[in-house]
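Visitor: Numbering (our numbering), first residue to last: 1 to 298.
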Ligand SMILES: Nc1ncnc2c1ncn2[C@@H]1O[C@H](COP(=O)(O)OP(=O)(O)OP(=O)(O)O)[C@@H](O)[C@H]1O
Ligand SMILES: [Mg+2]
């Protein structure tokens, strides 16, 4: 691991046996995260974002084959999209946070109350003894953040942490994450479909398509001068609300399944700029400063 980066992932591949064949749902992905950095990972459904997140949190299912040339020795914690299912319904909230406290000396009720306070839960002394069903969706996500912070993480992985919440609550949770990033220097890997949120929250953004990172740049650079046609399509899409039939628009075509990734550039069948070469040859990575992308056309 490089001394400059908090996390330095090189050639991460995650495979499953699907219909008797080994398929790479994440394919030779490399990226880094710096101390104190908020980095976003975006891309359509099925691209492999959650698989990357789970791999870095050490939470991949046993069926996964993972290969990665550098080992992540940092403390990670993960929060999920669905705050109800991530909590144990039959255990008191206080107990669940208590069990998560990494430092044994601090494993006491006082520390749990401190954490509940820190994530903005009122009446923590009373809340300690309640069960998850007694908490609203937003409050449950705060509990999950408290459990994550109890691990004293270097890196917090937030996989669509606000998708299931209403807009006001979303903003509160984002503010809370910002606060921990600023006050405690926790790095955040933020996975989201909401590009406007990503734009205001993350310092750097990686775009993923069909198991690969196709573009990566400081967020302002990515949004002002996107280079990969897939990134351009995603940004275009995020600017359009609904079409005249009232349907949400999408990029024509679908993300291919891992067993059926196309040759060459995996986006070429959907790409408006594709040329013959795109179907035949894997695109080289073009690097300009801290902006990189995998497309020869732009
Ligand atoms: N246990 C598994 N066995 C086989 N394939 C799997 C398994 N888990 C995930 N996959 C496949 O891995 C691919 C990537 O899935 P992943 O959940 O990482 O996508 P995602 O980018 O997080 O999508 P979303 O935006 O919908 O959350 C998908 O094709 C999915 O079907
Ligand atoms: Mg996901």
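Even for Gly, the Cβ is constructed at its ideal location relative to N, Cα and C.
Rounded to a whole number of angstroms, what is the C-alpha to C-alpha distance between residue 66 and residue 208?
Guide: Cα to Cα, residue 66 sits roughly 18 angstroms from residue 208.
Visitor: Sort out for me which residues DSSP pairs residue 155 with in a bridge.
Guide: Per DSSP, 76, 187.
Visitor: In terms of residue numbering, what span does the beta strand (DSSP E) encompassing residue 200 cover?
Guide: Looking at the DSSP string, residue 200 is not in any beta strand (DSSP E); the run it does join, the alpha helix (DSSP H), is 195-201.
Visitor: Kindly list the residues whose CB is nearer than 6 angstroms to the CB of residue 298, restricted to its own chain and excluding five residues on each side of it in sequence; keep chain order.
Guide: For residue 298, where only same-chain residues beyond five positions count, the Cβ hits under 6 angstroms are 227.
Visitor: Looking only at C-alpha atoms, which of 295, 38, 68 sits nearest to residue 273?
Guide: Answer by Cα proximity: 295.
Visitor: According to DSSP, is residue 263 helix, strand or coil?
Guide: It is coil, neither helix nor strand.
Visitor: Got a sec, what are the start and stop residues for the alpha helix (DSSP H) residue 98 sits in?
Guide: Unbroken alpha helix (DSSP H) run through residue 98: 93-100.
Visitor: Between the region 148-167 and the region 71-86, can you find at least three pairs of beta-carbon atoms closer than 8 angstroms?
Guide: Enough Cβ pairs lie closer than 8 angstroms, so yes.
Visitor: Which class does residue 113 belong to by DSSP, given the choice of helix, strand or coil?
Guide: Helix at residue 113.
Visitor: Look at the alpha carbon of residue 26 and the alpha carbon of residue 89, and state the distance between them as a whole number of angstroms.
Guide: Answer to the nearest angstrom: the Cα atoms are 32 angstroms apart.
Visitor: Smallest Cα separation from residue 164: which of 85, 94, 95?
Guide: Nearest C-alpha to residue 164: 85.
Visitor: Check the DSSP bridge columns for residue 7 and list the partner residues they point to.
Guide: Note: residue 7 sits in a beta bridge opposite 33.
Visitor: Identify every residue that forms a DSSP beta bridge with residue 288.
Guide: 291, per the DSSP bridge assignment.
Visitor: Tell me which residues share the same chain as residue 50 and place their Cβ nearer than 8 angstroms to its Cβ, disregarding the 5 neighbours each side in the sequence.
Guide: Only 159, 191 meet the Cβ criterion.
Visitor: Name, in chain order, the residues that DSSP records as bridge partners for residue 216.
Guide: Answer is 206, 292.
Visitor: Is residue 295 near ligand 1, in the sense that its beta carbon is under 6 angstroms from a heavy atom of that ligand?
Guide: Flag unset: Cβ of residue 295 not near ligand 1.
Visitor: Whose CA, out of 233, 170, 36, 110, lies closest to the CA of residue 137?
Guide: Closest by alpha carbon: 170.
Visitor: Cutting at 6 angstroms between CB atoms, please list the residues of its own chain near residue 46, excluding the five before and the five after it.
Guide: Taken in chain order, the residues that qualify are 255.
Visitor: According to the Cβ coordinates, are residue 264 and residue 24 closer than 7 angstroms?
Guide: Contact flag unset, no.
Visitor: Give the C-beta separation of residue 52 and residue 41 to the nearest angstrom, bearing in mind that I take them to be a contact with Cβ-Cβ under 8 angstroms.
Guide: With 8 angstroms as the limit, residue 52 and residue 41 qualify as a contact, their Cβ atoms being about 7 angstroms apart.
Visitor: Beta carbon of residue 205: closer than 6 angstroms to some heavy atom of ligand 2?
Guide: It does not: the Cβ of residue 205 is nowhere closer than 6 angstroms to a heavy atom of ligand 2.
Visitor: May I ask you to report which of helix, strand or coil DSSP gives residue 27?
Guide: Reduced to three states, the DSSP call for residue 27 is strand.
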